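Let me begin by presenting the structure, written as structure tokens, before commenting on it.
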Amino acid sequence: MDVQQHSFDVKSSHGQRLSLAIISAICLSSFIVWPYLENSVYLAIKYLLICVCVCFFIWQFHRLKSWHCRFVICSDGTGKLESQRNFVVINKPFITPFAVMFDIQLQNETKRLVIWADMLDDTNYRNLCRLLQLSVQARS
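With the first letter of the sequence shown counted as 1, position 17 gets the number 17 in full-length UniProt numbering; the numbers rise by one all the way through.
In structure tokens, the structure reads:
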């Protein structure tokens with residue numbers, strides 16, 4: 001059987017922004033359950049942490065505007081990132097109608113990629129899911 005391959009060019013999506021907004025809301029709402037103390041050191045630390053968290057999430061939203069990823073993936077689980085770094089798909093991908101999550105092994109590190117369905121058109125999203133499933137079958 002021939003090895004099938006397909007290239008993908010993904011950019012930030014509404015689903016990705018929504019998930020970041022939900023995570024930031026959960027993290028920032030955790031400050032509500034902190035007990036109220038009139039200790040000035042405690043309040044200074046609390047408000048400093050709130051400011052750091054807000055700045056971090058603003059920075060993440062800003063970085064998300066220009067985020068993109070180009071990669072080629074083959075049905076045998078190998079692929080190449082736009083930076084010409086080769087990778088291998090490891091573990092079983094988690095595929096849902098909304099997103100697909102899979103781990104890739106680069107030369108000296110492991111990364112997790114989450115591709116939201118609205119980052120690709122329907123055909124490309126199905127092709128990606130099919131190639132990831134074929135890579136699992138090729139390894140077993």
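Every residue gets a Cβ at the ideal spot worked out from N, C-alpha and C, and that includes glycine. Because the structure is a prediction, the values reported are computed rather than measured.
Inter-residue Cα distance where the pair is residue i and residue j
i	j	result
V89	F98	20 Å
P35	H62	32 Å
R70	Q60	20 Å
T110	F102	10 Å
R112	L18	19 Å
Option nearest residue i by Cα separation, candidates the options
i	options	result
L132	V100, S66, K65 and N108	V100
G77	A138, V33 and R112	A138
V33	V41, I22 and K46	K46
I58	A21, P35, K80 and Y42	A21
W67	V114, C129, Y42 and E38	V114
Buried/exposed call for residue i, threshold 16 Cβ in 10 Å
i	result
I26	exposed
Count Cβ pairs between the stretch 112-126 and the stretch 74-85 that sit closer than 8 Å; are there 3 or more? no
Could you check whether the stretch 111-118 touches the stretch 1-16, counting it as contact only if at least three pairs of C-beta atoms, one from each stretch, sit closer than 8 Å? yes
Is the stretch 89-96 touching the stretch 48-61, taking contact as three or more C-beta pairs under 8 Å? no
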